[in-house]
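**Student:** Sharing a structure here in structure tokens format.
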């Protein structure tokens, strides 16, 4: 697994005498108080901009798309004290700024690059993966984080925690600040000022997305992309095709073939002569959801539980043409729903912003589109508006502690009124034992005690959805690099793209009854009109049910050997009953089942030995004391 790691000496000791470093790593920064290594990164992925001795310098590690002039300008800004300018370089990479006061380390806003750290007697050990730090510290997995991921919604399950005890997480959109003689701290990164409408913000959206795609196309040849036929992948593919030859891959199956995705994909490919279009039919290829999970020992490991494991065979078939093509980068439209669209609770933010009449009309339109009765939706919107987030979290914690008979049991769908709540628990809460409920309730209580009262539901849900997508993309990219040697890119998750889109309030990015009008406003004349006016979106539920049914025996074995059940946190019998219901095609919490299965597989494949991740450079080096 590729990751970046570093040490920082706060002045209480010296790392030089300990000689620990990531196994097989390359040193990219080495001075008296700080060291940085990379594992699995090529030379072209490490960019360092230094001034004269003693001046500020900037490191960008990963997919940094900045020109030399842009990187130099960021370093000059850091020299003047404006170090945050480096976090706004094009692309998606880890940013490290070294100046006279210390070290500043930042991932990205979406969490595709996340920073973790642990304290040591000498200072701080940090990395872009939590597992190596957990192995170094011999830290155990954090059950609250694992359980909360599939039992509650609207809760910042991780916040500054990670999937391991004692390993701290730097929240996306923040930087880790390390200075001699001072304890580590985090600082929120500045965001661009808001604009009033998507008409005002559309030029910046178009500029940042176009640059994110074009610069990747210019630096990677040959290149490939997903082309599902949707607005997001269609926009990315169209922009990339304008730069040169491109292999576009469309995945379908017998059930998806009944939708209109293929018609849009074929038309886009036909209208762009630069596109070579290939189609993969999963039914003919004999692949479906949850294939290939019979032997956890051969599965790729990711730093966090990955939904991609449930799609492993599908992704292998889908990316096969790109690997044969020799693609050096595969573009996707991941993140489009998070930047070009908005969450339902943005209507509450609109009301709080003083646009009350518009918010009421939008709420009524939302109820109509969901075919829901108006008054329950309006009543829930009013309750959410009157309630502070800490109060909603405290109430949720009480409900979870009270037991399954007090916890709302939900099927695979979520009602329109529920979609306007602050937070809640799902059907998977019924799988928890009393101990498991206590663990999750205590986590929610802790979040209630630390949640700011001025949080708004739309902004909260938008951030949580973005971070979930960012983590999902990061693990998909890890798996693709490991399995097929193919880097996967999500230009729509780049910092500059997220900033440009989120500068437009969510309630201004969408219109009731319309579909991604921001994309249409930004890309009319640059992307085919018929794509920008598409109103349909394909659901994959039927394919998910079919794969789950076909692979039920292997999935039952995974849940029968559940480590969470062995720890007394999960009632395995209830989880298996939900799996059996889903296999029969009955109502079941599919997303929660998927999350539970990949979590159990993650626990089964977790490499915890320190020697797996770390090595000493001398035979008799002394261990670092934590």
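In the numbering used here, the protein residues as written are 1446 to 2071. Just so you know, even glycine gets a beta-carbon here, dropped at the ideal spot from N, CA and C. Source: prediction; values computed, not measured.
Just to confirm the assignment: which complete beta strand (DSSP E) runs, minimum length 3, are found wholly within the segment 1670-1716?
**Tutor:** If we require 3 residues or more, the beta strand (DSSP E) runs fully inside the segment 1670-1716 come out as 1691-1697.
**Student:** Which residue wins for smallest C-alpha separation from residue 1971, given the options 1622, 2018 and 1688?
**Tutor:** Position 526 of the chain shown, counting from 1, holds the residue named residue 1971. Taking only the C-alpha atoms, the option nearest residue 1971 is 1688.
**Student:** Sort 1550, 1569 and 1653 by Cα distance to residue 1938 and report the nearest one.
**Tutor:** For the purposes of this step, residue 1938 is taken as residue 493 along the chain shown, with counting starting at 1. If we check each option's Cα against that of residue 1938, 1653 comes out closest.
**Student:** For residue 1894, does the count of other Cβ atoms within 10 angstroms reach 16, so buried, or fall short, so exposed?
**Tutor:** On the chain shown, residue 1894 is found 449 positions in, with the first residue counted as 1. By the 10 Å Cβ count, residue 1894 comes out exposed.
**Student:** Quick one: what does DSSP say residue 1748 is sitting in, helix, strand or coil?
**Tutor:** Within the chain shown, the letter at position 303 stands for residue 1748. Coil at residue 1748, not helix or strand.
**Student:** Taking only three categories from DSSP, how would you classify residue 2044?
**Tutor:** Translated into the one-based positions of the chain shown, residue 2044 becomes position 599. Helix at residue 2044.
**Student:** Below 8 Å on the Cβ atoms is my guess for residue 1416 versus residue 1643; work out the distance and round it to an integer in Å.
**Tutor:** The structure shown has nothing for residue 1416, since the chain only spans 1446 to 2071.
**Student:** Among the candidates 1990, 1667 and 2031, whose CA atom is the shortest distance from the CA of residue 1700?
**Tutor:** What you label residue 1700 is simply residue 255 of the chain shown in a count that begins at 1. Ranking the options by Cα distance to residue 1700, first place goes to 1990.
**Student:** Nearest to residue 1552 by CA position, among 1508, 1883 and 2013, is which residue?
**Tutor:** Within the chain shown, numbered from 1, the residue matching residue 1552 stands at position 107. Selected option, being the one with the closest Cα: 1508.
**Student:** Which same chain residues, not among the five before or five after residue 1845, have their C-beta less than 7 Å away from its C-beta?
**Tutor:** Counting from 1 along the chain shown, the entry for residue 1845 is found at position 400. 1852, 1870, 1874, 1882, 1885, 1886 and 1889, listed in sequence order.
**Student:** Does the distance from the C-beta atom of residue 1638 to that of residue 1667 stay below 8 Å?
**Tutor:** For this step, residue 1638 is matched to residue 193 along the chain shown. For this step, residue 1667 is matched to residue 222 along the chain shown. Their beta carbons are not under 8 Å apart, which means residue 1638 does not touch residue 1667 by this criterion.
**Student:** Return helix, strand or coil for residue 2051, following the three-state DSSP convention.
**Tutor:** Indexing the chain shown from 1 puts residue 2051 at position 606. DSSP places residue 2051 in coil when its eight states are reduced to three.
**Student:** Roughly how far, in whole angstroms, is the beta-carbon of residue 1754 from the beta-carbon of residue 1877, given that I think they are within contact range, below 8 Å?
**Tutor:** The count along the chain shown starts at 1 and reaches residue 1754 at position 309. The count along the chain shown starts at 1 and reaches residue 1877 at position 432. In fact, because the Cβ distance is near 23 Å, the residues do not count as touching under 8 Å.
**Student:** Per the DSSP calculation, residue 1482 is bridged to which residue(s)?
**Tutor:** One-based indexing of the chain shown puts residue 1482 at position 37. Note: residue 1482 sits in a beta bridge opposite 1450 and 1472.
**Student:** Quick one: residues in its chain with C-beta nearer than 7 Å to the C-beta of residue 2057, no 5 flanking neighbours on either side, listed in chain order?
**Tutor:** As a position in the chain shown, residue 2057 is number 612, starting the count at 1. So the list reads 1580, once near-sequence residues are dropped.
**Student:** What do you reckon, are the CB atoms on residue 1697 and residue 1677 nearer than 8 Å?
**Tutor:** Locating residue 1697 in the chain shown gives position 252, where the first residue counts as 1. Locating residue 1677 in the chain shown gives position 232, where the first residue counts as 1. No, Cβ-Cβ distance for residue 1697 and residue 1677 is not below 8 Å.
**Student:** Give me the residue from 2040, 2052 and 1957 with the minimum Cα distance to residue 1751.
**Tutor:** Along the chain shown, one-based indexing puts residue 1751 at 306. Among 2040, 2052 and 1957, the Cα nearest to that of residue 1751 belongs to 2040.
**Student:** Mind checking who residue 1502 pairs with in its DSSP beta bridge?
**Tutor:** Locating residue 1502 in the chain shown gives position 57, counting from the first residue. Looking at the DSSP assignment, residue 1502 forms a beta bridge with 1495 and 1543.
**Student:** Can you check whether the C-beta of residue 1767 is within less than 8 Å of a C-beta belonging to chain B?
**Tutor:** Absent here is chain B; the protein component of the structure consists of one chain.
**Student:** Does DSSP classify residue 1398 as helix, strand or coil?
**Tutor:** The structure shown does not extend to residue 1398, since the chain spans only 1446 to 2071, so no value can be given for it.
**Student:** Beta-carbon within less than 8 Å of residue 1658's beta-carbon, same chain only, minus the 5 sequence neighbours each way: which residues are those?
**Tutor:** The residue you call residue 1658 lines up with position 213 of the chain shown. For residue 1658, where only same-chain residues beyond five positions count, the Cβ hits under 8 Å are 1681, 1684, 1685, 1688, 1776 and 1936.
**Student:** What residue does the alpha helix (DSSP H) around residue 1947 start on, and which one ends it?
**Tutor:** Counting from one through the chain shown, the residue named residue 1947 turns up at place 502. Where residue 1947 is concerned, the enclosing alpha helix (DSSP H) stretches over 1940-1947.
**Student:** Determine the burial state of residue 1792: buried for a count of at least 16 other Cβ atoms within 10 Å of its Cβ, exposed for fewer.
**Tutor:** Mapped onto the chain shown, residue 1792 falls at position 347. By the 10 Å Cβ count, residue 1792 comes out buried.
**Student:** Who are the Cβ neighbours of residue 1591 in its own chain at under 6 Å, not counting the five residues just before and after it?
**Tutor:** Mapped onto the chain shown, residue 1591 falls at position 146. Excluding residues within five positions, the ones whose Cβ falls inside 6 Å are 2044.
**Student:** Compute the Euclidean distance between the alpha carbons of residue 2038 and residue 1561, then round it to the nearest angstrom.
**Tutor:** Position 593 of the chain shown, counted from the start, is the residue given in the question as residue 2038. Position 116 of the chain shown, counted from the start, is the residue given in the question as residue 1561. Looking at the two C-alpha atoms, the distance is approximately 28 Å.
**Student:** Return the CA-CA distance between residue 1493 and residue 1523, expressed in angstroms with no decimal places.
**Tutor:** Counted from its first residue, the chain shown places residue 1493 at position 48. Counted from its first residue, the chain shown places residue 1523 at position 78. If you take the alpha carbons of residue 1493 and residue 1523, they lie about 13 Å apart.
**Student:** Given a threshold of 16 other Cβ atoms within 10 Å of its Cβ, counted over all protein chains shown, does residue 1769 qualify as buried or as exposed?
**Tutor:** Here the question's residue 1769 lines up with position 324 in the chain shown. Looking at its Cβ environment, which holds fewer than 16 other Cβ atoms inside 10 Å, residue 1769 is exposed.
**Student:** If residue 1600 sits next to residue 1838, beta carbons under 8 Å apart, how far is it from one beta carbon to the other, in whole angstroms?
**Tutor:** Translated into the one-based positions of the chain shown, residue 1600 becomes position 155. Translated into the one-based positions of the chain shown, residue 1838 becomes position 393. The Cβ separation is near 7 Å, so the contact holds.
**Student:** What is the rounded straight-line gap between the Cα of residue 1513 and the Cα of residue 1491?
**Tutor:** Along the chain shown, one-based indexing puts residue 1513 at 68. Along the chain shown, one-based indexing puts residue 1491 at 46. Their backbone Cα atoms lie some 13 Å apart in a straight line.
**Student:** What span of residues does the beta strand (DSSP E) with residue 1726 cover, start to end?
**Tutor:** As a first step, residue 1726 is located in the chain shown; it is residue number 281 there, counting from the start. That run of the beta strand (DSSP E) goes 1720-1726.
**Student:** Rounding to the nearest angstrom, what Cα-Cα distance links residue 1605 and residue 1614 in this structure?
**Tutor:** Locating residue 1605 in the chain shown gives position 160, counting from the first residue. Locating residue 1614 in the chain shown gives position 169, counting from the first residue. Taking the straight line joining both Cα atoms gives about 5 Å.
**Student:** Which residue or residues does DSSP assign as beta-bridge partners of residue 1869?
**Tutor:** The residue given as residue 1869 occupies position 424 in the chain shown. For residue 1869, which the question treats as bridged, DSSP gives the partners 1598.
**Student:** Note the first and the last residue of the continuous beta strand (DSSP E) segment covering residue 1623.
**Tutor:** On the chain shown, position 178 is the one that residue 1623 refers to. Unbroken beta strand (DSSP E) run through residue 1623: 1619-1623.
**Student:** Any heavy atom of the ligand MG inside 7 Å of the beta-carbon of residue 1555?
**Tutor:** For the ligand MG, the structure offers nothing, since it holds no ligand at all.
**Student:** Taking C-alpha atoms, which residue in 2012, 2035 and 1761 lies nearest to residue 2022?
**Tutor:** Translated into the one-based positions of the chain shown, residue 2022 becomes position 577. With distances taken between Cα atoms, residue 2022 lies closest to 2035.
**Student:** Label residue 1982 either buried or exposed according to how many other C-beta atoms from any shown protein chain fall within 10 Å of its C-beta, with 16 as the threshold for buried.
**Tutor:** By 1-based counting over the chain shown, the position of residue 1982 is 537. By the neighbour-count rule (16 or more Cβ atoms within 10 Å), residue 1982 is not buried but exposed.
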